[in-house]
Amino acid sequence: MLETKWLRQFATVAREGSITRAAEQLHLAQPAVTMTIKKLERELGIGLFDRRQGRLRLTPEGERLYQHAERILAALTLAEQDMAALHDLSAGEVCIGIPSMLGSFYFPPLLMAFKHRYPSLSIRVEDAGTQDVLGRLCQGKLGLGIVLTASLPAGLTGLPLLREEMVAVVPAEHPARHQPYMAIEDFLRQELALFRHGFFHREYIEEVARQAGITPVIGFESNLIPLLKAVVRQGFAITTFLRMAVRDDPSLFAVSFKEPYFLDLCLAWPDDRRLSRAEQAFIDFIREQHRG
1 MLETKWLRQF ATVAREGSIT RAAEQLHLAQ PAVTMTIKKL ERELGIGLFD
51 RRQGRLRLTP EGERLYQHAE RILAALTLAE QDMAALHDLS AGEVCIGIPS
101 MLGSFYFPPL LMAFKHRYPS LSIRVEDAGT QDVLGRLCQG KLGLGIVLTA
151 SLPAGLTGLP LLREEMVAVV PAEHPARHQP YMAIEDFLRQ ELALFRHGFF
201 HREYIEEVAR QAGITPVIGF ESNLIPLLKA VVRQGFAITT FLRMAVRDDP
251 SLFAVSFKEP YFLDLCLAWP DDRRLSRAEQ AFIDFIREQH RG
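Just so we're aligned: the sequence shown equals residues 1 to 292 in full-length UniProt numbering.
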């Protein structure tokens, strides 16, 4: 019979690629973690890891177990959160997946206002692109998340949140700064600084590039907004953000695309799990803020 602690140790080793680092993270002795992995392999009758170039890598069988372990551990975490806030709102946690741009420019005042109303609740923000958040919601690894309304599949409920324009972002000396709009083809022919895969901005740019038959030149790739801004500010590349990301930045300029593109975003959660009182309080709070 598989024990939860075995799965937790196995999943940590899989993520870290090292028993030593996993033991440090789990605050366990290295031999204890080694013994757990051996017990798991003996119990299942399969090898879970290969050692290549000093790093432990999952075997195909180990990869399948890791997928199961992630789902099981995520479900346990959600169950613990549910139980912690079952009777009142003096304890519990709200865990929400938020894309970095919204987490930096839209959500801080909302989260602080929610924390002010419910000071005993913990708030944990998982930073990920909308595509990654959607996947984690569908897999049951996340209770709440911000996703594109247009991408909302069956099995998720969405509360409309905001509509925001996706714009080209250029530095002060760029000729497009004074233009009323920029054609997407002109944008694609310049050196770009973009988010990594998993963020809708990246998927959108690659899709329109495919449709236009243009191979974009991606000079910089990062999920760090300050880094992307610095790259554009210094004139090394241009990028695309939600308009809110440059609204208060005097050194960067937002230019609409010739065919304006707006993103509709919503707060989403899985239909097949009961919301904890903490999660329900957060949803009610967001709904109240938008009514106001």
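Each residue gets a CB set at the ideal place from its N, CA and C atoms; glycine is no exception.
key: Euclidean distance between Cα positions of E207 and H174   = Their Cα atoms are separated by approximately 25 Å.
key: Nonlocal neighbours in the same chain, by C-beta distance under 7 Å from L73, ignoring five residues either side   = The residues are L7, R8 and A11.
request  = Provide the residue span of the alpha helix (DSSP H) that contains V246, from first to last.
outcome  = For V246, no alpha helix (DSSP H) segment is defined, and its DSSP state is neither H nor E.
request  = Assess, as a yes-or-no matter, whether the segment 128-141 is touched by the segment 190-202 under the definition of 3 or more beta carbon pairs within less than 8 Å.
outcome  = At 8 Å Cβ cutoff, the stretches touch.
inquiry  = Counting only C-beta atoms, is I72 closer than 8 Å to chain B at any point?
reply    = Protein chain content of the structure displayed is limited to a single chain, and chain B is not contained in it.
task = Please name the residue, chosen from P226, R57 and T240, that lies closest to Y261 on a Cα-to-Cα basis.
result = The shortest Cα separation from Y261 among P226, R57 and T240 belongs to T240.
query = In terms of alpha-carbon separation, which member of L102, L110, V33 and P153 lies closest to A128?
reply = Taking only the C-alpha atoms, the option nearest A128 is L102.
message = So, with DSSP's three-state summary, where would you put E93?
response = Here DSSP, grouped into helix, strand and coil, assigns E93 to strand.
query = Rounded to a whole number of angstroms, what is the C-alpha to C-alpha distance between L224 and T149?
reply = Per the coordinates, the alpha-carbon of L224 lies some 24 Å from the alpha-carbon of T149.
ask   = Counting only runs that start and end within the segment 100-145, where is the alpha helix (DSSP H) found for 4 or more residues in a row?
value = Counting only runs of at least 4 residues, the segment 100-145 fully encloses the following alpha helix (DSSP H) elements, listed from N- to C-terminal order: 100-105, 107-117 and 130-138.
query = Nearest-angstrom Cα distance between E221 and C95?
reply = Cα-Cα distance, rounded: 27 Å.
message = Taking the alpha carbon of R273 as the reference point, which residue from Q139, K5, L188 and L194 has its own alpha carbon closest?
response = For the residues Q139, K5, L188 and L194, the minimum Cα distance to R273 belongs to Q139.
ask   = Taking the alpha carbon of D249 as the point to measure from, which residue in E16, R21 and V170 has its own alpha carbon closest?
value = Shortest Cα-Cα distance from D249 to any of E16, R21 and V170 involves V170.
Local conformation of E154 per DSSP, three classes = Residue identity differs from the one stated: residue 154 is Ala in this sequence, not Glu. Note: A154 maps to coil in three-state DSSP.
Buried or exposed by the 16-neighbour rule on C-beta atoms within 10 Å, applied to S120 = Exposed, because fewer than 16 other Cβ atoms sit within 10 Å of the Cβ of S120.
inquiry  = For the pair the segment 229-243 and the segment 182-193, tell me if three or more CB-CB distances fall below 8 Å.
reply    = A contact is defined here as three or more CB-CB pairs under 8 Å, and the segment 229-243 meets this definition with respect to the segment 182-193.
Residues bridged to I218 (per DSSP) = Per DSSP, L192.
key: Sequence-distant residues of its chain with Cβ nearer than 7 Å to A29 (five each side left out)   = In its chain, beyond the 5 residues on either side, A23 have a beta carbon closer than 7 Å to the beta carbon of A29.
inquiry  = Looking at the secondary structure, which residues open and close the alpha helix (DSSP H) in which R287 lies?
reply    = Bounds of the alpha helix (DSSP H) holding R287 are R277 to R291.
request  = Kindly indicate the opening and closing residues of the alpha helix (DSSP H) around R177.
outcome  = R177 -> no alpha helix (DSSP H), and no H or E assigned at all.
request  = My understanding is that D271 touches G155, with C-beta atoms under 8 Å, so please give their C-beta distance in whole angstroms.
outcome  = Going by Cβ atoms, the distance from D271 to G155 rounds to 6 Å, so yes, they are a contact pair.
task = Go to F49, then tell me how far its alpha helix (DSSP H) extends in each direction, as first and last residue.
result = Where F49 is concerned, there is no enclosing alpha helix (DSSP H), although the beta strand (DSSP E) it sits in stretches over F49 to R52.
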